[in-house]
Amino acid sequence: MKFAVGYQVPAYGSSTSELVSLFKNHISEVYFAWPGMASGRPPLADEDYSREELAALLIRELKAIRADGCSLDLLFNANCYGSDAVSLAFEKEILATIGILADNGVKPHTITTTSPFVATVVKREFLDIELRASVNMRIGTIQAMQYVADLFDSFYLQRDYQRDIGYVKKVSAWCRRHGKKLCLLANSGCLRFCPGQSFHDNLIAHCSEAEQQENTPGFNPHTCWKLYQKPENRAEILKSTWIRPEDICRYEELVDVVKLATRQHSHPATVIGAYAAGKWDGDLLELLEPGFSPAFYPDYLDNRRIPDDFFEKTSHCTLGCTECGYCEKVFAEALRSYDDLPMTGILHGMDA
649 MKFAVGYQVP AYGSSTSELV SLFKNHISEV YFAWPGMASG RPPLADEDYS REELAALLIR
709 ELKAIRADGC SLDLLFNANC YGSDAVSLAF EKEILATIGI LADNGVKPHT ITTTSPFVAT
769 VVKREFLDIE LRASVNMRIG TIQAMQYVAD LFDSFYLQRD YQRDIGYVKK VSAWCRRHGK
829 KLCLLANSGC LRFCPGQSFH DNLIAHCSEA EQQENTPGFN PHTCWKLYQK PENRAEILKS
889 TWIRPEDICR YEELVDVVKL ATRQHSHPAT VIGAYAAGKW DGDLLELLEP GFSPAFYPDY
949 LDNRRIPDDF FEKTSHCTLG CTECGYCEKV FAEALRSYDD LPMTGILHGM DA
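Position 288 of the sequence shown, counted from 1, bears residue number 936 in this note's numbering, the numbering being contiguous throughout.
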């Protein structure tokens, strides 16, 4: 299984290019946003660098990543581009960004977007760039794929459906028949069918402007974090959309790209290492983005205590997911406290 991982500004002495080199047998793509541009995460920025310095650093990193045989995926995957959404100015910005990358020898192989406008502009000008529908488009049905099959070469399946392996097989078969690639996001910590996703994704797209506002104190824009503040809701984490490293192999013949959310993860090597090994012996929350470890502390979810049949039990769940009680039982067994661990116990996925 090969994975797509996210670019991070180098920190703590490590860089994305070094991670790619370390895990070169397991990473096929690196996805990234252009500095200062809205995307599915806050704009690439660092107080230690100017925007120009960030761009130069990104290009140097991309050259090293490309030299290691990795393909490059440029993100235009913000949920909102405001009044510029279909403007000539935005079109020029899209083409200029691709041009800068091409001039520096790191032209993207793929562009992942939420915007039919972006897809139209790129397809008109660059027939050699693969166009991929972002997971943020929430394309969960074959019917939806058919509607935009003229624009996109590959699709991220709406993550709310990806644990249903039988359904994934049907979608995969349609993609194969129609010359499309199927992709999934393995380690999202987001709630399944989250009712706050549209609001939150739009807020992220405008976070640079929002941070300049005098915002109402005390409001939590994250439905998930608000939910997990109450211990009685925490079993919902097992009903989310993530796929454990132990189960990712089940998708080997069904999907072309497995994305690992690592653009903002504090320990991306931990995530990549766990999925590359197909095994994780620590806190399951540490693999997710968002990870919720602070919300659950001093408790954690011991992945070793999640039963081997968890995937089979949860891959045929009804969409209601309110009456079974299986996840509540598993949660009670897997929940452990750091306070009960000896100093040599598992803290970050490794036995002493």
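Glycine is no exception: its CB is placed at the ideal position from the N, C-alpha and C atoms. Predicted model, so just to flag it, every value in this text is computed and none were measured.
Three or more beta-carbon pairs separated by less than 8 Å are not found between the segment 811-818 and the segment 866-879, which leaves the two stretches without contact.
Counting every other CB atom within 10 Å of its CB across the protein chains shown gives residue 913 a total of 16 or more, marking it as buried. Every alpha helix (DSSP H) of 4 residues or more that sits fully in the segment 885-929 is shown, in chain order, as 916-925. The continuous beta strand (DSSP E) containing residue 654 extends over residues 651-654. With respect to residue 835, residue 919 sits close: the two C-beta atoms are nearer than 8 Å. Fewer than three beta-carbon pairs drawn from the segment 709-719 and the segment 877-896 are found closer than 8 Å, and the two stretches are therefore not classed as touching. Annotation: the continuous alpha helix (DSSP H) that includes residue 941 extends over 941-944. Per the DSSP secondary-structure output, residue 829 pairs in a beta bridge with 802.
DSSP places residue 867 in no beta strand (DSSP E); its state is neither H nor E.
DSSP places residue 985 within a strand segment (E or B) once states are collapsed to three. Fully enclosed beta strand (DSSP E) runs of no fewer than 3 residues occupy 758-761, 778-781 and 802-804 of the segment 740-808, in order along the chain. Its chain contains 652, 719 and 721 as the residues whose beta carbon lies nearer than 6 Å to that of residue 677, once the 5 sequence neighbours on both sides are disregarded; these appear in chain order.
Of all alpha-carbon atoms in 733, 891, 703 and 768, the one lying nearest the alpha-carbon of residue 853 is that of 733. The C-beta separation of residue 801 from residue 829 comes to about 7 Å, placing the pair in contact by the 8 Å criterion. Counting the other Cβ atoms within 10 Å of the Cβ of residue 724 gives 16 or more, which makes it buried. By the 16-neighbour rule on beta-carbons within 10 angstroms, residue 730 is exposed. Contact between residue 789 and residue 838 does not hold, since their C-beta atoms are separated by about 19 Å, which reaches or exceeds 8 Å. As the crow flies, the alpha-carbon of residue 921 is around 36 Å from that of residue 744.
With a cutoff of 8 Å on beta-carbon distance, residue 894 and residue 844 are scored as not near each other. For residue 984, the closest of 941, 785 and 964 by C-alpha to C-alpha distance is 941. Bounds of the alpha helix (DSSP H) holding residue 705 are 699-715.
Spanning the alpha carbons of residue 671 and residue 831 requires a straight line of approximately 20 Å. Distances from the CA of residue 868 to each of 848, 782 and 822 were compared; the closest alpha carbon is that of 848. Of the candidates 939, 794, 982 and 898, the residue whose Cα lies closest to the Cα of residue 649 is 898. Under DSSP, no beta-bridge partner is assigned to residue 978. Assignment of beta-bridge partners to residue 678 by DSSP yields 653 and 720.
Burial state of residue 977 is exposed, judged by a 10 Å Cβ sphere holding fewer than 16 other Cβ atoms.
Secondary structure at residue 846: helix, using DSSP grouped into helix, strand and coil. In the structure shown, residue 839 adopts coil according to DSSP, grouped into three states.
For residue 949, the uninterrupted beta strand (DSSP E) run begins and ends at 947-949, by DSSP.
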